[in-house]
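Visitor: In this note's numbering, the protein residues as written are 221 to 663. Beta carbons: idealized from backbone N, C-alpha and C, even for Gly. Right, I'll just put the structure down here and ask away after.
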C-alpha cells in the first residue's frame with residue numbers, strides 16, 4: 221500500500237476513536253520561540269530551543285550575552301531542557317535573532333519552534349545505557365531542519381531520544397526512540413502500548429517519518445491538533461500507517477511491546493561518571509551561576525554543557541580528576557547551584573508566578589523558597605502553580621500546590637488513586653500541616 225493510498229483511507233477510524241486524550245484545539249499554536257516572542261507582565265519572553273539540551277561554551281556565552289543586553293540578566297530552564305529569556309525589551313527581536321544566529325542557535329529559522337528534542341543527558345558519560353545517543357540527536361535535528369513538512373509541527377510536539385536507561389522515555393514525548401539490544405531501537409508513539417522495532421542506524425529517519433505521518437493524519441482529520449495524543453485516530457491505526465510509511469522509506473519495522481519501563485529520574489547532583497551534575501533551584505540561573513558553569517565547561521576540550529529536562533545542568537568532564545572535580549563542585553555550590561543529592565530543591569518546582577505572569581494569583585517562587593524546609597519532608601515532588609493551568613508541572617505522582625482566588629493555596633496529592641486528596645492552605649507557613657493532612661496513610 222502506498223503513502224498516497226494511506227492518505228485516502230476512510231475517515232471511520234478517525235471518527236470512531238476513543239483513544240485521544242484531549243479535544244482538538246480551536247486555535248493555532250501560539251507557543252513562543254526565538255523569533256516569535258510572547259508578551260508577559262515582566263516584558264517579552266523568548267524560548268530558545270536547545271535540541272538535547274546540548275550547548276557549546278560559545279552558545280552558552282551567547283545566551284548569557286542576550287540575557288544581559290536584552291533581558292533581565294537571568295536564564296530560565298524549561299522542563300524540556302530549553303532556555304527562556306525573560307524581561308526582553310520591546311523591539312529587540314532582530315538583535316536577539318542576530319546574536320543567536322551567529323552562535324549557531326538558529327540553523328533554520330523556519331524550524332526554530334519545532335526543534336523540541338530531549339535526550340538522555342548522561343549518555344556516553346557514565347557507562348550506562350545501551351548506546352550514545354548523540355549521533356541520533358545530531359541526525360534527527362538535521363533531518364527536522366531539512367524537512368519542509370516538519371515546519372507544520374506545533375511548538376509543543378516533542379521527540380525523546382533515550383539511550384536505554386529509561387530516563388527521558390518517561391517524559392510523555394510524542395515520538396520516543398529508545399535504544400534496544402543488538403543495536404536496534406524502539407520507536408514509541410505517544411501513550412500507545414505498541415512500539416516498532418527498527419534498526420538503530422535508521423532511528424532518526426524513522427522518528428521524522430512518524431512525525432510527518434502524524435501531520436498527514438492531522439490534515440486528513442480537518443482538526444487543530446498539537447500533540448499526538450490529541451489526534452482523533454486509533455493509536456493502532458496510526459502505528460499501522462507509520463509502519464507502512466517506514467516500509468516505503470526502506471526501513472524495516474517490526475511491531476513489539478512498548479518502549480519499556482521508564483524511571484523519569486534525572487541525573488543526581490555531584491560527580492556522575494565522567495561528568496559534573498548540578499541542579500538550578502526553580503530552573504533560574506543568575507549571570508554568575510551561568511558564568512561559572514561555562515568556565516568549568518571550558519576546561520574540557522569539547523567545551524559542552526547539557527541542560528536536562530529536570531532543570532539541571534550536566535558538564536562533561538572526562539579528563540577531570542576527583543580532586544579537581546570536588547573543587548569545581550564546591551565553586552558551583554558557592555554560587556547557589558545544588559550539588560547535594562539530598563537537597564530538598566530536587567523535589568520542588570514552580571511556574572513563573574507573579575510578577576511575571578498576569579494570570580498568576582501569587583508569587584509562587586517566593587512562597588516555595590520560604591517553605592523549602594517543610595517541602596523537603598514531602599517525599600513526592602512538590603509543584604507550586606499560580607493558577608489552575610499549572611504550567612510546567614511534572615508528570616507522575618506529586619503534590620500540586622495551586623494558588624486560589626481570594627488568597628492561599630489548594631494542595632492536591634496526585635497519585636494513581638482515582639480521587640486525589642486535597643487540603644486548603646491559607647499561607648506557606650502552613651505547608652507542613654497541609655502536607656501531613658494529604659500524605660498520611662497515602663496509597
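Please report how far the alpha carbon of residue 292 lies from the alpha carbon of residue 258, in whole angstroms.
Guide: In the chain shown, counting from the first residue as 1, residue 292 sits at position 72. In the chain shown, counting from the first residue as 1, residue 258 sits at position 38. Using only the alpha carbons, I get a separation of about 15 Å.
Visitor: Which class does residue 425 belong to by DSSP, given the choice of helix, strand or coil?
Guide: As a position in the chain shown, residue 425 is number 205, starting the count at 1. Helix.
Visitor: Beta-carbon within less than 8 Å of residue 354's beta-carbon, same chain only, minus the 5 sequence neighbours each way: which residues are those?
Guide: Locating residue 354 in the chain shown gives position 134, where the first residue counts as 1. Result list for residue 354: 272, 274, 339, 343 and 344, in chain order.
Visitor: Leaving out the 5 sequence neighbours to the left and right, which residues in its chain are closer than 8 Å to residue 260 when beta-carbon positions are compared?
Guide: Here residue 260 refers to the residue found at position 40 of the chain shown. Cβ within range, chain order: 306, 572, 576, 577 and 578.
Visitor: Checking the sheet assignment: what are the DSSP bridge partners for residue 533?
Guide: Your numbering for residue 533 matches position 313 in the chain shown. According to DSSP, which records beta bridges pairwise, residue 533 is partnered with 498 and 527.
Visitor: To the nearest angstrom, how far is it from the Cα of residue 334 to the Cα of residue 374?
Guide: In the chain shown, the residue the question calls residue 334 occupies position 114. In the chain shown, the residue the question calls residue 374 occupies position 154. Roughly 6 Å separates the two Cα atoms.
Visitor: Under 9 Å, do residue 472 and residue 438 count as touching if we go by C-beta distance?
Guide: As a working mapping, residue 472 is identified with position 252 in the chain shown. As a working mapping, residue 438 is identified with position 218 in the chain shown. Taking 9 Å as the Cβ cut-off, residue 472 and residue 438 do not qualify as a contacting pair.
Visitor: In terms of alpha-carbon separation, which member of 475, 276 and 519 lies closest to residue 537?
Guide: Translated into the one-based positions of the chain shown, residue 537 becomes position 317. Residue 537 has its Cα closest to that of 519, out of 475, 276 and 519.
Visitor: Kindly confirm or deny that the region 408-423 and the region 472-492 touch, where touching means at least three C-beta pairs closer than 8 Å.
Guide: With a cut-off of 8 Å, the region 472-492 and the region 408-423 count as touching, because enough Cβ pairs lie within range.
Visitor: Roughly how many angstroms lie between the CA atoms of residue 236 and residue 614, to the nearest whole one?
Guide: On the chain shown, residue 236 is found 16 positions in, with the first residue counted as 1. On the chain shown, residue 614 is found 394 positions in, with the first residue counted as 1. Because residue 236 carries a pLDDT of 35, less than 50, the predicted location of this residue cannot be relied on, and the following value inherits that uncertainty. Rounded to the nearest angstrom, the two C-alpha atoms are 31 Å apart.
Visitor: Could you tell me which of 622, 635, 332 and 559 sits nearest to residue 644, measuring between CA atoms?
Guide: Translated into positions along the chain shown, residue 644 becomes position 424. Selected option, being the one with the closest Cα: 622.
Visitor: Give, in chain order, every unbroken run of the beta strand (DSSP E) that is at least 3 residues long and sits entirely within the region 583-626.
Guide: If we require 3 residues or more, the beta strand (DSSP E) runs fully inside the region 583-626 come out as 602-605 and 618-623.
Visitor: CA-CA distance, residue 602 and residue 498?
Guide: One-based indexing of the chain shown puts residue 602 at position 382. One-based indexing of the chain shown puts residue 498 at position 278. One C-alpha to the other measures close to 19 Å.
Visitor: Starting from residue 308, trace the beta strand (DSSP E) both ways and give me its first and last residue.
Guide: In the chain shown, counting from the first residue as 1, residue 308 sits at position 88. Residue 308 -> beta strand (DSSP E) spans 303-308.
Visitor: Determine, using beta carbons only, whether residue 267 and residue 302 come nearer to each other than 9 Å.
Guide: Start at 1 with the first residue of the chain shown, and residue 267 comes out as number 47. Start at 1 with the first residue of the chain shown, and residue 302 comes out as number 82. Taking 9 Å as the Cβ cut-off, residue 267 and residue 302 qualify as a contacting pair.
Visitor: Please give me, in chain order, every unbroken run of the beta strand (DSSP E) with length at least 3 that falls completely inside the region 472-496.
Guide: For the region 472-496, whole beta strand (DSSP E) runs of length 3 or above, ordered along the chain, are 474-477 and 490-492.
Visitor: In whole angstroms, give me the CA-to-CA distance for residue 346 and residue 385.
Guide: The residue labelled residue 346 in the question sits at position 126 within the chain shown. The residue labelled residue 385 in the question sits at position 165 within the chain shown. For residue 346 and residue 385, the distance between alpha carbons rounds to 11 Å.
Visitor: For residue 557 versus residue 507, is the C-beta spacing smaller than 9 Å?
Guide: For this step, residue 557 is matched to residue 337 along the chain shown. For this step, residue 507 is matched to residue 287 along the chain shown. No.
Visitor: Measuring straight from C-alpha to C-alpha, what distance separates residue 328 and residue 318?
Guide: For this step, residue 328 is matched to residue 108 along the chain shown. For this step, residue 318 is matched to residue 98 along the chain shown. The alpha-carbon atoms of residue 328 and residue 318 are separated by roughly 13 Å.
Visitor: Can you grab the Cα-Cα spacing for the pair residue 494 / residue 504, in whole Å?
Guide: Here residue 494 is taken as the residue at index 274 of the chain shown, counted from 1. Here residue 504 is taken as the residue at index 284 of the chain shown, counted from 1. Between residue 494 and residue 504, the C-alpha separation is close to 25 Å.
Visitor: Would you mind working out which of 358, 388 and 330 sits nearest residue 372, comparing C-alpha positions?
Guide: The residue given as residue 372 occupies position 152 in the chain shown. Checked all of 358, 388 and 330; the closest Cα to residue 372 is 330.
Visitor: Could you give the distance in angstroms between the alpha-carbon of residue 308 and the alpha-carbon of residue 488?
Guide: By one-based count along the chain shown, residue 308 stands at place 88. By one-based count along the chain shown, residue 488 stands at place 268. Cα to Cα, residue 308 sits roughly 32 Å from residue 488.
Visitor: How close, in whole Å, do the beta carbons of residue 281 and residue 514 come, if the pair is a contact with beta carbons under 8 Å?
Guide: As a working mapping, residue 281 is identified with position 61 in the chain shown. As a working mapping, residue 514 is identified with position 294 in the chain shown. That pair is a contact at about 6 Å.
Visitor: Just grab the DSSP bridge partners of residue 570 for me.
Guide: Working through the chain shown from its first residue, we reach residue 570 at position 350. Paired residue(s): 604.
Visitor: For residue 408, which residues does DSSP report across the bridge?
Guide: Position 188 of the chain shown, counting from 1, holds the residue named residue 408. Beta-bridge pairing links residue 408 to 396 and 415.
Visitor: Let me know the secondary structure DSSP gives residue 459 once reduced to three states.
Guide: Counting from one through the chain shown, the residue named residue 459 turns up at place 239. It is helical.
Visitor: DSSP on residue 391, reduced to helix/strand/coil?
Guide: Numbered from its first residue, the chain shown carries residue 391 at position 171. Residue state, collapsed to three classes: coil.
Visitor: From residue 563 to residue 454, what distance separates their C-alpha atoms?
Guide: In the chain shown, counting from the first residue as 1, residue 563 sits at position 343. In the chain shown, counting from the first residue as 1, residue 454 sits at position 234. Going from the Cα of residue 563 to the Cα of residue 454 covers about 43 Å.
Visitor: Figure out for me which residue from 539, 320 and 400 has the closest Cα to the Cα of residue 352.
Guide: In the chain shown, the residue the question calls residue 352 occupies position 132. Comparing Cα positions, the closest option is 400.
Visitor: Tell me whether residue 255 sits in a helix, a strand or coil according to DSSP, three-state version.
Guide: Indexing the chain shown from 1 puts residue 255 at position 35. The answer is coil: DSSP assigns residue 255 none of H, G, I, E or B.
Visitor: Does the count of Cβ pairs from the region 386-394 and the region 454-466 closer than 8 Å reach three?
Guide: No: the two stretches stay apart, fewer than three of their Cβ pairs being nearer than 8 Å.
Visitor: Classify residue 532 as buried or exposed, calling it buried when 16 or more other Cβ atoms lie within 10 Å of its own Cβ.
Guide: Taking the first residue of the chain shown as position 1, residue 532 is located at position 312. Result: buried.
Visitor: Cutting at 8 Å between CB atoms, please list the residues of its own chain near residue 428, excluding the five before and the five after it.
Guide: The residue given as residue 428 occupies position 208 in the chain shown. Around residue 428: 360, 363, 364, 367 and 370.
Visitor: Between which two residues does the alpha helix (DSSP H) containing residue 276 stretch?
Guide: Residue mapping note: residue 276 aligns to position 56 of the chain shown, counting from 1. First-last for residue 276: 274-276, but that is the beta strand (DSSP E), not the alpha helix (DSSP H).
Visitor: Who are the near neighbours of residue 585 in its chain, counting only those whose CB is closer than 6 Å to its CB and skipping five residues on each side?
Guide: Residue numbering aside, residue 585 sits at position 365 when the chain shown is read from its first letter. Counting only Cβ-Cβ distances below 6 Å, and skipping sequence neighbours, we find 502, 570 and 573.
Visitor: Do you know whose CA, among 509, 397, 358 and 377, lies nearest residue 445's CA?
Guide: On the chain shown, position 225 is the one that residue 445 refers to. For the residues 509, 397, 358 and 377, the minimum Cα distance to residue 445 belongs to 377.
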